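First the structure, in the form of structure tokens, and then the observations on it.
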Amino acid sequence: MQGLLLWPLVLGLSLAGGTQTPSIYDESENTGGDHEGILRPSATPKERKSPIQPQPRGFPGKFCTNDSDLLELPASAQELLLGWVPTRLVPALYGLVVTIGLPTNGLALWVLATRVPRLPSTVLLMNLAAADLLLALVLPPRLAYHLLGQHWPFGEVACRMATAALYGHMYGSVLLLAAVSLDRYLALVHPLQARALRGQRLTAILCTAAWLTAAALVLPLTLQRQTFRLAHSDHMLCHDALPLDAQASYWRPVFTCLAVFGCFLPLLVMLLCYGATLHTLAASGRRYGHALRLTALVLASAVAFFTPSNILLLLHYSDPRPEAWGDLYGTYVPSLALSTLNSCVDPLVYYYVSNEFRDKVRAVLFCQPPVGSTTSKASGEVGVTRSSTLL
321 MQGLLLWPLV LGLSLAGGTQ TPSIYDESEN TGGDHEGILR PSATPKERKS
371 PIQPQPRGFP GKFCTNDSDL LELPASAQEL LLGWVPTRLV PALYGLVVTI
421 GLPTNGLALW VLATRVPRLP STVLLMNLAA ADLLLALVLP PRLAYHLLGQ
471 HWPFGEVACR MATAALYGHM YGSVLLLAAV SLDRYLALVH PLQARALRGQ
521 RLTAILCTAA WLTAAALVLP LTLQRQTFRL AHSDHMLCHD ALPLDAQASY
571 WRPVFTCLAV FGCFLPLLVM LLCYGATLHT LAASGRRYGH ALRLTALVLA
621 SAVAFFTPSN ILLLLHYSDP RPEAWGDLYG TYVPSLALST LNSCVDPLVY
671 YYVSNEFRDK VRAVLFCQPP VGSTTSKASG EVGVTRSSTL L
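Heads up, the sequence shown is in the numbering used here, so the first residue is 321 and it goes up one at a time.
In structure tokens form, the structure reads like this:
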């Protein structure tokens with residue numbers, strides 16, 4: 321698990337050590353040298369008077385002269401953009417999410433909706449499974465984009481929607497994970513108070529707040545143009561290269577809010593809730609040994625999958641100098657793809673680890689009647705509370 325947490329940072333250091341995005345596009349203006357390795361026509365006198373500094377969000381793009389549809393990139397940035405990591409490794413990770421996430425989350429959602437008592441904790445898990453399922457459903461266009469060598473053939477509106485959907489469902493999953501941890505905290509640490517607090521009303525509030533927060537965080541992603549043609553090529557880029565003037569003024573606050581409110585604050589809630597839950601379970605002795613290990617696994621997987629990409633996201637903006645962080649976007653892209661793998665892990669640690677849940681899955685797959693269909697809601701509450709399915 322520690323390897324999953326550290327590998328994006330190691331990759332970032334190796335990339336930053338090999339190539340570095342120039343601090344400005346026309347480095348030779350003051351030296352009289354050639355524009356070696358930079359894909360752009362000769363600068364006009366007006367451009368020489370006001371060189372535009374690249375900003376560290378995405379690959380720093382600069383409009384071609386008299387053409388607002390073409391973006392030029394430094395040679396090092398273009399090499400990272402079209403290298404094997406975004407065109408081979410990233411689509412492989414997205415393909416894994418689609419292949420595993422669709423059937424596992426789809427089946428989990430079906431079983432939770434039809435074979436499990438409609439308890440507050442069950443509703444939370446249904447929303448989590450729906451978010452993970454929707455994430456897998458919105459990935460195919462992004463997968464095709466990377467397989468086509470960073471070429472987006474679906475148009476501007478589709479690019480905006482695909483980008484917002486990717487971030488929205490991913491951060492929606494994090495927010496719902498935090499809601500589940502709060503529910504587990506109330507049930508196991510404060511069981512007496514939980515009888516009054518845990519109910520359909522609180523569950524509805526938590527789920528609605530998670531979805532609305534995720535929607536609000538990604539709304540700005542739908543309001544700015546994100547498709548530009550790469551100069552001197554046929555590649556139509558989607559979100560990977562953005563104009564310099566928009567990056568610091570618009571995208572920096574957008575992605576800072578995404579990282580802080582969509583990841584780090586929910587992870588803090590999970591750390592506090594699961595920390596208290598682990599303490600309570602550990603004090604209970606061996607009776608809850610399995611639940612103790614599973615809770616620790618849930619917390620570790622969330623931190624391992626979501627922390628690296630969001631740390632890299634904040635590093636883009638922690639120092640405005642492009643020579644410091646420009647190439648980190650080449651590392652952020654695969655780390656973002658790695659984060660989506662959490663949607664494949666959620667069903668395994670929340671649902672399928674439970675023997676009872678696996679029995680219900682087999683009943684669905686082989687068209688068997690549900691086991692224990694006459695169980696009362698009260699006994700179901702006890703069973704689900706103790707079940708590792710909900711940890």
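Using N, Cα and C, we set each Cβ at its ideal position, and we do this for glycine too.
The structure displayed is predicted, hence computed values, not measured ones.
Q546 classed as buried or exposed, judged by whether at least 16 other C-beta atoms fall within 10 angstroms:
Within the sequence shown, the letter at position 226 stands for residue 546. Classification of Q546: buried, given that the 10 Å Cβ count is 16 or more.
CA nearest to the CA of L591, picked from V500, P473 and R480
Counting from one through the sequence shown, the residue named residue 591 turns up at place 271. Nearest of V500, P473 and R480 to L591, Cα basis: V500.
List the whole-angstrom C-beta distance separating P654 from V405, where the pair is believed to meet the contact cut-off of C-beta under 8 Å.
The residue you call residue 654 lines up with position 334 of the sequence shown. The residue you call residue 405 lines up with position 85 of the sequence shown. Contact holds; Cβ gap of about 5 Å.
Taking the alpha helix (DSSP H) that T660 falls in, what are its first and last residues?
For this step, residue 660 is matched to residue 340 along the sequence shown. Segment Y649 to T660, the alpha helix (DSSP H) holding T660.
Can you give, in chain order, each stretch of the alpha helix (DSSP H) that sits fully within the region 454 to 497 and has at least 4 residues?
none
Contact check, G492 vs T407 under 8 Å by CB: the rounded distance?
Translated into the one-based positions of the sequence shown, residue 492 becomes position 172. Translated into the one-based positions of the sequence shown, residue 407 becomes position 87. G492 to T407, Cβ: 28 Å. No contact.
Option nearest V417 by Cα separation, candidates Y671, T660 and L685:
The count along the sequence shown starts at 1 and reaches residue 417 at position 97. When only C-alpha atoms are compared, the closest one is T660.
Quick check on the burial criterion: 16 or more other C-beta atoms within 10 angstroms. Buried or exposed for Y345?
Along the sequence shown, read from residue 1 onward, the residue named residue 345 stands at position 25. Any answer about Y345 is weak, because its pLDDT of 38 lies below 50 and its placement is not dependable; what the coordinates show is given next. Buried, since its Cβ has 16 or more Cβ neighbours within 10 Å.
Going by CA-CA distance only, name the one from S396, A603 and F575 that's closest to I631.
To locate residue 631, count along the sequence shown from 1; it is residue 311. If we check each option's Cα against that of I631, F575 comes out closest.
What's the C-alpha gap between P460 and Y414?
Residue 460 sits at position 140 when you count from the first residue of the sequence shown. Residue 414 sits at position 94 when you count from the first residue of the sequence shown. Computed Cα separation, rounded: 8 Å.
On the three-state DSSP scale, how would you describe R435?
As a first step, residue 435 must be located in the sequence shown, where it is residue number 115. If DSSP states are grouped into helix, strand and coil, R435 belongs with coil.
Would you mind reading off the limits of the beta strand (DSSP E) that contains L550?
Counting from one through the sequence shown, the residue named residue 550 turns up at place 230. Start and end: T547 to L550.
Does the region 388 to 398 come close enough to the region 537 to 551 that 3 or more CB-CB pairs lie under 8 Å?
yes
With three or more beta-carbon pairs closer than 8 Å as the criterion, would you say the region 557 to 571 touches the region 505 to 515?
no
So, are the CB atoms of L445 and L422 less than 9 Å apart?
Here the question's residue 445 lines up with position 125 in the sequence shown. Here the question's residue 422 lines up with position 102 in the sequence shown. The answer is no: Cβ separation not under 9 Å.
Hey, Q544 and R613: beta-carbon distance below 9 Å or not?
In the sequence shown, the residue the question calls residue 544 occupies position 224. In the sequence shown, the residue the question calls residue 613 occupies position 293. No; because the gap between Cβ atoms is not below 9 Å, this pair is not in contact.
Exposed or buried, which one is Q520 when buried takes at least 16 other CB atoms within 10 Å?
Mapped onto the sequence shown, residue 520 falls at position 200. It counts as exposed.
Three-state secondary structure assigned by DSSP to L393
The residue labelled residue 393 in the question sits at position 73 within the sequence shown. It is coil, neither helix nor strand.
For H471, which residues in the same chain have their Cβ closer than 6 Å to its Cβ, ignoring the five residues on either side in sequence?
For the purposes of this step, residue 471 is taken as the residue at position 151 of the sequence shown. H555 and M556, listed in sequence order.
Under DSSP, the beta strand (DSSP E) around C558 begins and ends at which residues?
Taking the first residue of the sequence shown as position 1, residue 558 is located at position 238. Its beta strand (DSSP E) spans residues M556 to C558.
Does DSSP put L598 in a helix, a strand or coil?
Within the sequence shown, numbered from 1, the residue matching residue 598 stands at position 278. Three-state DSSP puts L598 in a helix.
Hey, L537 and F584: beta-carbon distance below 9 Å or not?
Locating residue 537 in the sequence shown gives position 217, where the first residue counts as 1. Locating residue 584 in the sequence shown gives position 264, where the first residue counts as 1. It is not a contact, given that the beta carbons lie outside the stated cut-off.
For N675, is the classification buried or exposed, using 16 other Cβ atoms within 10 angstroms of its Cβ as the cut-off for buried?
Start at 1 with the first residue of the sequence shown, and residue 675 comes out as number 355. It is exposed - the Cβ of N675 has fewer than 16 other Cβ atoms within 10 Å.
Between L656, A622 and S621, which has its C-alpha nearest L634's C-alpha?
On the sequence shown, residue 634 is found 314 positions in, with the first residue counted as 1. It is L656.
Which residues mark the beginning and the end of the beta strand (DSSP E) in which L562 is found?
In the sequence shown, counting from the first residue as 1, residue 562 sits at position 242. Counting along the chain, the beta strand (DSSP E) containing L562 begins and ends at A561 to P563.
To the nearest angstrom, how far is it from the Cα of L596 to the Cα of Y670?
On the sequence shown, residue 596 is found 276 positions in, with the first residue counted as 1. On the sequence shown, residue 670 is found 350 positions in, with the first residue counted as 1. The sequence shown places Ala at residue 596, not Leu. Distance between the alpha carbons of A596 and Y670 is about 19 Å.
Where do the ends of the alpha helix (DSSP H) carrying C577 lie?
Here the question's residue 577 lines up with position 257 in the sequence shown. Residues R572 to A579.
What does the alpha-carbon distance come out to for the pair L448 and V665?
By one-based count along the sequence shown, residue 448 stands at place 128. By one-based count along the sequence shown, residue 665 stands at place 345. When rounded, the distance between both Cα atoms is 12 Å.
What whole-angstrom Cβ distance do L495 and P586 have, given they're in contact under 8 Å?
Here residue 495 refers to the residue found at position 175 of the sequence shown. Here residue 586 refers to the residue found at position 266 of the sequence shown. The Cβ separation is near 5 Å, so the contact holds.
Which of helix, strand or coil DSSP assigns to V673
On the sequence shown, position 353 is the one that residue 673 refers to. Coil at V673, not helix or strand.
Use the C-beta contact count for L685: other C-beta atoms within 10 angstroms, 16 or more gives buried, fewer gives exposed.
For this step, residue 685 is matched to residue 365 along the sequence shown. L685 is exposed by the Cβ-count criterion.
Quick one: give me the first and last residue of the alpha helix (DSSP H) that T523 is part of.
For the purposes of this step, residue 523 is taken as the residue at position 203 of the sequence shown. Residues Q520 to V538.
Contacting residues, own chain, Cβ-Cβ under 7 Å from A602 (five flanking each side not counted):
The count along the sequence shown starts at 1 and reaches residue 602 at position 282. Hits under 7 Å: L612.
Of all the options Y672, L402 and R515, which has the alpha carbon lying nearest to the alpha carbon of H466?
Locating residue 466 in the sequence shown gives position 146, where the first residue counts as 1. For the residues Y672, L402 and R515, the minimum Cα distance to H466 belongs to L402.
From A433 to D452, what does the alpha carbon distance come to, in whole angstroms?
Locating residue 433 in the sequence shown gives position 113, where the first residue counts as 1. Locating residue 452 in the sequence shown gives position 132, where the first residue counts as 1. Roughly 15 Å between the two C-alpha positions.
Does DSSP put S501 in a helix, a strand or coil?
Position 181 of the sequence shown holds residue 501. Looking at S501 - three-state DSSP - the assignment turns out to be helix.
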